[in-house]
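Chemist: Sharing a structure with you now.
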Amino acid sequence: MSQFYYLNDEILGSCHLAVGKRNTVLFDPGMAWYGEKTVEKIKEIIGDRPIDAVFLTHSHYDHVGALPVIKKYWPDAMVFGAAYAGRVFSKLSAKRLIRELSASAAQLNGTALPDDYSTRAIQLDQMLIGGETINVGDVCVQSIKTVGHTKDCLSYLIDGHDLLASETIGSINTEDDYMPQFLVSCEEAMKSIDSCRNSGAKKLWLTHHGEVGEATPELWQWFEDGLTAAKSRILEIIRDNETPEEQLKAMEAVFWRPEKKGGWPQKAFDLNAESMLKTIKSENFLSHSKFTK
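So for the sequence shown, the UniProt record's numbering puts the first residue at 1; every next one is plus one.
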């Protein structure tokens with residue numbers, strides 16, 4: 001079984017690494033501005049061995065921004081991700097947004113993007129839909145469709161043991177509280193929690209967090225309860241604040257942590273918050289789900 005590592009703890013980044021006896025797999029290269037540091041950490045672990053494959057959980061800048069840096073050092077690494085992510089990467093507008101948010105994150109952390117940074121290298125070699133098993137030499141990766149954070153979210157079960165869950169199931173903030181991350185569907189996010197629960201994973205890892213712990217029934221219930229409570233809280237925000245501007249301010253007050261290590265631009269949070277507000281309004285008023293009050 002491969003060894004699994006979280007590489008970005010000091011900035012609460014997204015990058016993880018699976019190291020087998022012969023092969024190495026990277027998950028989510030992470031922030032562009034931190035790419036060179038990530039490369040240093042990888043080389044400390046694997047030395048002169050190559051990265052054989054890169055798997056993306058989704059297409060957001062803080063997960064894929066450093067892919068050009070990784071490809072500069074390991075150009076032969078195969079890049080896997082959801083088919084929908086492949087379509088996202090084909091759009092110039094998406095590439096521009098990745099670069100814009102990556103530059104903002106760099107500035108927020110007192111640095112800048114490398115002079116040779118180009119989003120042209122952000123593309124897939126193989127597209128996935130979920131349910132595939134990919135053997136990268138002696139590292140086995142199973143993809144799990146986990147739509148909810150985005151339409152292109154995938155989670156990955158490594159060697160039948162370690163589950164790297166996408167942000168769809170939620171995240172854990174700096175106070176160890178549940179943080180909702182459903183940008184496109186709260187209902188699909190709940191289904192995705194079930195998919196992860198039923199994966200057979202022994203240990204859970206989260207992007208922007210690292211190792212969570214043993215994948216117990218109680219842990220999965222914590223995520224389910226957190227998602228349900230967050231949905232109710234956002235409904236209250238919508239009911240108590242009339243205008244979109246007021247609703248966004250309320251979302252910032254409840255959920256944004258600007259002091260978070262590594263610094264996320266406020267624009268990135270606001271884009272996510274606006275998406276969650278839109279999703280809650282749509283699913284609450286257009287369907288009769290178990291979330292509806």
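No residue lacks a Cβ here, since even glycine has one placed at the ideal position from N, Cα and C.
Using CA atoms only, rank isn't needed, just tell me which of 85, 39, 217 is closest to residue 70.
Modeler: Considering only alpha carbons, the answer is 39.
Chemist: What span of residues does the beta strand (DSSP E) with residue 133 cover, start to end?
Modeler: It spans 133-136 - the beta strand (DSSP E) in which residue 133 sits, taken as one unbroken run.
Chemist: I need the straight-line Cα distance from residue 102 to residue 93, nearest angstrom please.
Modeler: Rounded to the nearest angstrom, the two C-alpha atoms are 14 Å apart.
Chemist: Using CA atoms only, rank isn't needed, just tell me which of 135, 144, 183, 79 is closest to residue 124.
Modeler: The option with the nearest alpha carbon to residue 124 is 79.
Chemist: Using 10 angstroms around the beta-carbon of residue 290, count the other beta-carbons present and answer buried if the total reaches 16, otherwise exposed.
Modeler: Annotation note: pLDDT 45 at residue 290 (below 50); position unreliable, coordinate value reported separately. Exposed, because fewer than 16 other Cβ atoms sit within 10 Å of the Cβ of residue 290.
Chemist: Please list the terminal residues of the continuous alpha helix (DSSP H) segment that includes residue 221.
Modeler: Segment 217-240, the alpha helix (DSSP H) holding residue 221.
Chemist: Entirely within the stretch 126-210 and at least 3 residues each: give me those beta strand (DSSP E) ranges in chain order.
Modeler: Qualifying beta strand (DSSP E) stretches, in chain order: 126-128, 133-136, 139-145, 154-158, 162-165, 203-206.
Chemist: Rank 233, 165, 272, 269 by C-alpha distance to the C-alpha of residue 56 and give the top, closest one.
Modeler: Selected option, being the one with the closest Cα: 165.
Chemist: Give the list of continuous alpha helix (DSSP H) stretches no shorter than 4 residues that lie fully inside the stretch 66-131.
Modeler: As far as the stretch 66-131 is concerned, its whole alpha helix (DSSP H) runs of at least 4 residues are 67-73, 83-89, 92-108.
Chemist: Label residue 296 either buried or exposed according to how many other C-beta atoms from any shown protein chain fall within 10 Å of its C-beta, with 16 as the threshold for buried.
Modeler: Since the displayed the chain opens at 1 and closes at 293, residue 296 lies outside it and no answer follows.
Chemist: Taking residue 25 as the reference, give the member of 190, 1, 11, 33 with the closest Cα.
Modeler: Among 190, 1, 11, 33, the Cα nearest to that of residue 25 belongs to 1.
Chemist: Quick check: what's the CA-CA separation for residue 90 versus residue 114?
Modeler: Those two C-alpha atoms are separated by around 22 Å.
Chemist: Mind reading off the beta-carbon distance from residue 144 to residue 157? Whole number of angstroms is fine, and I expect it under 8 Å.
Modeler: The pair is a contact, with the Cβ atoms about 6 Å apart (cut-off 8 Å).
Chemist: Looking only at its own chain, which residues have a Cβ that is under 8 Å from the Cβ of residue 265, when we skip the five neighbours before and after it?
Modeler: So the list reads 101, 104, 105, 108, once near-sequence residues are dropped.
Chemist: Looking at residue 210: is its Cβ nearer than 7 Å to the Cβ of residue 6?
Modeler: Yes.
Chemist: Quick one: give me the first and last residue of the alpha helix (DSSP H) that residue 279 is part of.
Modeler: 266-286 is the span of the alpha helix (DSSP H), which, as asked, contains residue 279.
Chemist: Short check: CB of residue 203 to CB of residue 152, under 7 Å?
Modeler: No, the pair does not count as a contact, with Cβ atoms beyond the cut-off.
Chemist: Taking the alpha-carbon positions, what's the residue 354 to residue 213 distance?
Modeler: Past the edges of the chain, shown from 1 to 293, lies residue 354, and the structure says nothing about it.
Chemist: Give the straight-line distance between the Cα atoms of residue 197 and residue 171, rounded to the nearest whole angstrom.
Modeler: Cα-Cα distance, rounded: 15 Å.
Chemist: Would you report the Cα separation of residue 275 and residue 120, rounded to the nearest angstrom?
Modeler: Residue 275 and residue 120: Cα-Cα distance of roughly 27 Å.
Chemist: Restricting to Cα atoms, I'd like to know which of 9, 284, 33 is closest to residue 186.
Modeler: Comparing Cα positions, the closest option is 284.
Chemist: Can you tell me whether DSSP reads residue 35 as helix, strand or coil?
Modeler: Three-state result, residue 35: helix.
Chemist: Can you tell me where the alpha helix (DSSP H) holding residue 63 begins and where it ends?
Modeler: Per DSSP, residue 63 belongs to the alpha helix (DSSP H) from 61-64.
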